[in-house]
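Following: one structure in structure tokens, then a few remarks.
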Amino acid sequence: MVHPRQHLRQIHRQIRSVPQDVFAQQMVKAHSTHSGQHRRQMQVLNETLKLHNWHRARHCVPPLIISRTLNEIAQSYANYLAATSTFEHSGNKLGKESLGENLYMQWISDGRVKVSGAAATKNWYDEISLYDYNNPTYSEQTGHFTQMVWKDTKKMGVGVALSPDGREVYIVANYYPAGNIINPGHFARNVLRPSC
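Heads up, the sequence shown is in our numbering, so the first residue is 9 and it goes up one at a time.
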């Protein structure tokens, strides 16, 4: 591993070796790409949190707050999914505790895919139509919904990334403490009817 000071020296040498007009163009391009990614991430984060908390209020459970650590974990995993074009759960943990995780992916065959935290949240929440409140247990068909409204979950983080060609978007939401605990009674206590 390169020491940070040594890394800075290498960067300064590289900067001095690049003609200033080329360097300026590269810096503007890098800044606009980074600020575009940051804007996209903030937009998705705000949409996702707002809609989660709107749905949670309908289910009489407290709102979630954003965790910077969970954001970093979710963003790192979204970057991985987009770079590898894979779609599978991470198994990420916070310390020794597993995180709850919802994944969303959308793709188009031509052009750039639309990025929307609202679309991901709607996709997850729409599983409510399959949830049986008279038999409150875990189901793969409703696990995204139940994690969204899980009463004991307090924090969330969101990551979003596009594939290199811009045709796939990956959104990752991580939750702490994790929901979907299958021990007896947990679903009845944590997944409440939308009656508020």
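C-beta atoms are modelled at their ideal positions from N, C-alpha and C, and glycine is treated no differently.
Note that the structure is a prediction, hence the values are computed from the model and not measured.
Query	Result
Where the beta strand (DSSP E) containing Gln114 begins and where it ends	108 to 115
Tyr146 in three-state terms, based on DSSP	coil
Where Ala186 falls: helix, strand or coil (DSSP)	coil
Alpha carbon of Ser75 to alpha carbon of Thr145, nearest angstrom	28 Å
Lys163 and Tyr183 closer than 9 Å at C-beta	yes
Residue interval of the alpha helix (DSSP H) (run including Leu89)	76 to 92
Short Cβ contact (9 Å threshold) for Thr77 with Leu102	yes
Start-to-end residues for the beta strand (DSSP E) that takes in Lys162	Run containing Lys162: none; DSSP gives neither H nor E here.
Extent of the continuous alpha helix (DSSP H) to which Lys130 belongs	125 to 133
Cα-Cα separation, Gln45 to Asn143	42 Å
Expected contact under 8 Å - CB spacing of Arg64 and Val121 to nearest Å	About 28 Å; that fails the 8 Å criterion.
Local Cβ density within 10 Å of Asn191, reported as buried at 16 or more and exposed below that	exposed
Same chain, Cβ closer than 6 Å to Asn100, five either side skipped, listed in chain order	Ile81, Leu107
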